[in-house]
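Student: Counting in our numbering, the sequence shown runs from 6 upward without gaps. Idealized CB from N, CA, C, for every residue including glycine. Here the structure is a predicted model, which is why all the values come from computation and not from measurement. If you scroll down you'll find the structure; I have some questions about it.
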Amino acid sequence: MDHVSPARQHDADRAPAGAPPGGGRRAAPGRIAFLALCLALAVGFAALGVWQVERLGWKRELIATVEARLAAPPAPLPAWTEWSPDDAYTRVRVRGVYLHDRETLVQAVTEAGPGWWVMTPLRTDEGVVIVNRGFVPAEARDPARRPPQPVDGPTEVSGLLRASEPGGGFLRANAPAAGRWYSRDVQAIARARGMAGPVAPFFIDADAVDAPGRYPAGGQTVVRFRDNHLVYALTWFGLSALCLAGGVIVFRHRRRSR
6 MDHVSPARQH DADRAPAGAP PGGGRRAAPG RIAFLALCLA LAVGFAALGV
56 WQVERLGWKR ELIATVEARL AAPPAPLPAW TEWSPDDAYT RVRVRGVYLH
106 DRETLVQAVT EAGPGWWVMT PLRTDEGVVI VNRGFVPAEA RDPARRPPQP
156 VDGPTEVSGL LRASEPGGGF LRANAPAAGR WYSRDVQAIA RARGMAGPVA
206 PFFIDADAVD APGRYPAGGQ TVVRFRDNHL VYALTWFGLS ALCLAGGVIV
256 FRHRRRSR
């Protein structure tokens with residue numbers, strides 16, 4: 006009978022050469038899948054970061070364009086058929102006659118507190134242009150309590166072009182029949198007030214009148230654009246780097262375990 010030494014018996018009981026201890030072969034696919042997931046997430050987060058950088062460039066260009074429009078002198082109204090919401094915040098001037106008996110009050114919240122925007126049709130040679138003459142608080146909601154009384158004859162209005170706001174406000178739909186308005190919906194206001202003839206697809210935010218305490222108070226347009234794209238881009242790129250770092254750590258640990 007051949008005698009097998011304890012040392013050789015110990016060698017024979019070992020796992021095959023190159024096999025990781027503790028079931029490493031079964032764990033390898035899991036590590037590969039984890040590395041693939043880290044790589045996929047890193048690529049996805051990096052793509053989102055690039056998209057935010059592109060958005061940053063677009064937003065900076067938009068801000069520069071609007072600032073240039075705000076600083077420009079008033080121009081005549083554009084042709085209504087050529088109007089685009091991209092033309093918002095252009096300074097314009099127009100001459101016409103206010104139809105004060107057809108004004109509409111739209112709920113507003115401003116830095117001066119809650120109140121209403123006074124939307125008044127302006128009859129021009131081209132048709133009706135609705136003008137946001139400005140803000141009135143609760144005590145000035147009644148036109149009779151807004152001295153001095155408005156001029157009935159031809160007048161010139163200057164202000165900013167604004168895009169219509171169809172539908173209503175946040176979670177609140179306009180109710181024309183009940184006289185409740187939460188957004189400056191040009192076409193809906195024109196229909197509710199029985200405007201005959203063409204109606205401009207935009208409205209005008211009237212400039213302020215140099216008369217302290219006078220209502221409506223114009224010049225209340227707030228031009229403010231949120232510009233957080235750089236922060237978002239850095240966040241996405243940071244997450245991408247973390248995913249890559251996680252993959253590298255797992256890969257190095259795997260090599261050490263071998």
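Would you report the Cα separation of proline 155 and glycine 173, rounded to the nearest angstrom?
Tutor: Numbered from its first residue, the sequence shown carries residue 155 at position 150. Numbered from its first residue, the sequence shown carries residue 173 at position 168. For proline 155 and glycine 173, the distance between alpha carbons rounds to 28 Å.
Student: Are the CB atoms of glycine 139 and proline 221 within a distance shorter than 9 Å?
Tutor: The residue labelled residue 221 in the question sits at position 216 within the sequence shown. The residue labelled residue 139 in the question sits at position 134 within the sequence shown. Result yes, Cβ atoms of proline 221 and glycine 139 sit closer than 9 Å.
Student: In chain order, what residues of the same chain have a beta carbon less than 6 Å from the beta carbon of leucine 110, not counting five sequence neighbours either side?
Tutor: Indexing the sequence shown from 1 puts residue 110 at position 105. Excluding residues within five positions, the ones whose Cβ falls inside 6 Å are Trp121.
Student: On the three-state DSSP scale, how would you describe glycine 252?
Tutor: Walking along the sequence shown from the start, residue 252 turns up at place 247. Reduced to three states, the DSSP call for glycine 252 is helix.
Student: Would you check if the distance between the CB atom of leucine 165 and the CB atom of glutamate 131 is smaller than 9 Å?
Tutor: Taking the sequence shown and counting its residues from 1, one reaches residue 165 at position 160. Taking the sequence shown and counting its residues from 1, one reaches residue 131 at position 126. For leucine 165 and glutamate 131, no; Cβs fall outside 9 Å.
Student: Could you pull the start and end residues of the alpha helix (DSSP H) that alanine 193 belongs to?
Tutor: Within the sequence shown, residue 193 is the residue found at index 188, counting from 1. Unbroken alpha helix (DSSP H) run through alanine 193: 191-197.
Student: Measuring only the C-alpha atoms, how far is glutamate 72 from arginine 128?
Tutor: What you label residue 72 is simply residue 67 of the sequence shown in a count that begins at 1. What you label residue 128 is simply residue 123 of the sequence shown in a count that begins at 1. Cα to Cα, glutamate 72 sits roughly 29 Å from arginine 128.
Student: Spatial neighbours of serine 188 within its chain, please: C-beta separation below 8 Å, excluding the five flanking residues on both sides.
Tutor: Along the sequence shown, read from residue 1 onward, the residue named residue 188 stands at position 183. Correct list, in chain order: Val111, Glu170, Pro171, Gly172, Gly173, Gly174, Asn179.
Student: What does the alpha-carbon distance come out to for the pair aspartate 190 and arginine 96?
Tutor: The sequence position of residue 190 within the sequence shown is 185, counting from 1. The sequence position of residue 96 within the sequence shown is 91, counting from 1. Answer to the nearest angstrom: the Cα atoms are 20 Å apart.
Student: Touching or not, the stretch 52-62 and the stretch 231-251, by the rule of three or more beta carbon pairs under 8 Å?
Tutor: With the cut-off at 8 Å, the stretch 52-62 and the stretch 231-251 touch.
Student: Between the alpha carbons of alanine 193 and phenylalanine 208, how many angstroms are there, rounded?
Tutor: Within the sequence shown, numbered from 1, the residue matching residue 193 stands at position 188. Within the sequence shown, numbered from 1, the residue matching residue 208 stands at position 203. Using only the alpha carbons, I get a separation of about 12 Å.
Student: With a Cβ-Cβ cutoff of 9 Å, do leucine 42 and leucine 249 count as a contact?
Tutor: As a position in the sequence shown, residue 42 is number 37, starting the count at 1. As a position in the sequence shown, residue 249 is number 244, starting the count at 1. Cβ distance not < 9 Å, so leucine 42 and leucine 249 don't count as in contact.
Student: Taking buried to mean at least 16 other C-beta atoms within 10 Å of its own C-beta, is asparagine 137 buried or exposed?
Tutor: Within the sequence shown, residue 137 is the residue found at index 132, counting from 1. Classification for asparagine 137: buried.
Student: Using the beta-carbon count (16 or more within 10 Å), is proline 152 buried or exposed?
Tutor: Your numbering for residue 152 matches position 147 in the sequence shown. Classification of proline 152: exposed, given that the 10 Å Cβ count is below 16.
Student: Helix, strand or coil for glutamine 57, going by three-state DSSP, please let me know.
Tutor: Along the sequence shown, one-based indexing puts residue 57 at 52. Looking at glutamine 57 - three-state DSSP - the assignment turns out to be helix.
Student: Beta-carbon separation of arginine 107 and threonine 86 under 9 Å?
Tutor: On the sequence shown, residue 107 is found 102 positions in, with the first residue counted as 1. On the sequence shown, residue 86 is found 81 positions in, with the first residue counted as 1. No, they are not a contact pair.
Student: How about alanine 197 and proline 181: are their beta carbons less than 9 Å apart?
Tutor: Reading the sequence shown from its first residue, position 192 is the one you call residue 197. Reading the sequence shown from its first residue, position 176 is the one you call residue 181. Yes, the Cβ-Cβ distance between alanine 197 and proline 181 is below 9 Å.
Student: Determine the burial state of phenylalanine 230: buried for a count of at least 16 other Cβ atoms within 10 Å of its Cβ, exposed for fewer.
Tutor: The sequence position of residue 230 within the sequence shown is 225, counting from 1. That one is exposed.
Student: Using beta-carbon positions only, say whether aspartate 232 and arginine 65 come within less than 9 Å of one another.
Tutor: In the sequence shown, the residue the question calls residue 232 occupies position 227. In the sequence shown, the residue the question calls residue 65 occupies position 60. Going by C-beta atoms, aspartate 232 is nearer than 9 Å to arginine 65.
Student: Who are glutamate 161's beta bridge partners in DSSP?
Tutor: Walking along the sequence shown from the start, residue 161 turns up at place 156. Per DSSP, Arg100.
Student: Using the three-state DSSP reduction, which class does proline 178 fall into: helix, strand or coil?
Tutor: Counted from its first residue, the sequence shown places residue 178 at position 173. The sequence shown places alanine at residue 178, not proline. Of the three classes helix, strand and coil, the one that applies to alanine 178 here is strand, per DSSP.
Student: Nearest to leucine 105 by alpha carbon, out of Gly118, Val253, Leu61, Asp157?
Tutor: What you label residue 105 is simply residue 100 of the sequence shown in a count that begins at 1. A quick correction: the sequence has histidine, not leucine, at residue 105. Ranking the options by Cα distance to histidine 105, first place goes to Asp157.
Student: Classify isoleucine 37 as buried or exposed, calling it buried when 16 or more other Cβ atoms lie within 10 Å of its own Cβ.
Tutor: Taking the sequence shown and counting its residues from 1, one reaches residue 37 at position 32. Classification of isoleucine 37: exposed, given that the 10 Å Cβ count is below 16.
Student: If you scan the stretch 88-155 from start to end, which runs of the beta strand (DSSP E) of 3 or more residues do you find wholly inside it?
Tutor: List check, beta strand (DSSP E) in window: 96-103, 109-115, 118-128, 133-141.
Student: Could you tell me whether the Cβ atoms of alanine 205 and valine 134 are closer together than 9 Å?
Tutor: Here the question's residue 205 lines up with position 200 in the sequence shown. Here the question's residue 134 lines up with position 129 in the sequence shown. In this structure, valine 134 lies closer than 9 Å to alanine 205 by Cβ.
Student: Let me confirm a value: glycine 202 is counted as buried when at least 16 other C-beta atoms fall within 10 Å, else exposed. Which label applies?
Tutor: Numbered from its first residue, the sequence shown carries residue 202 at position 197. Burial call: exposed.
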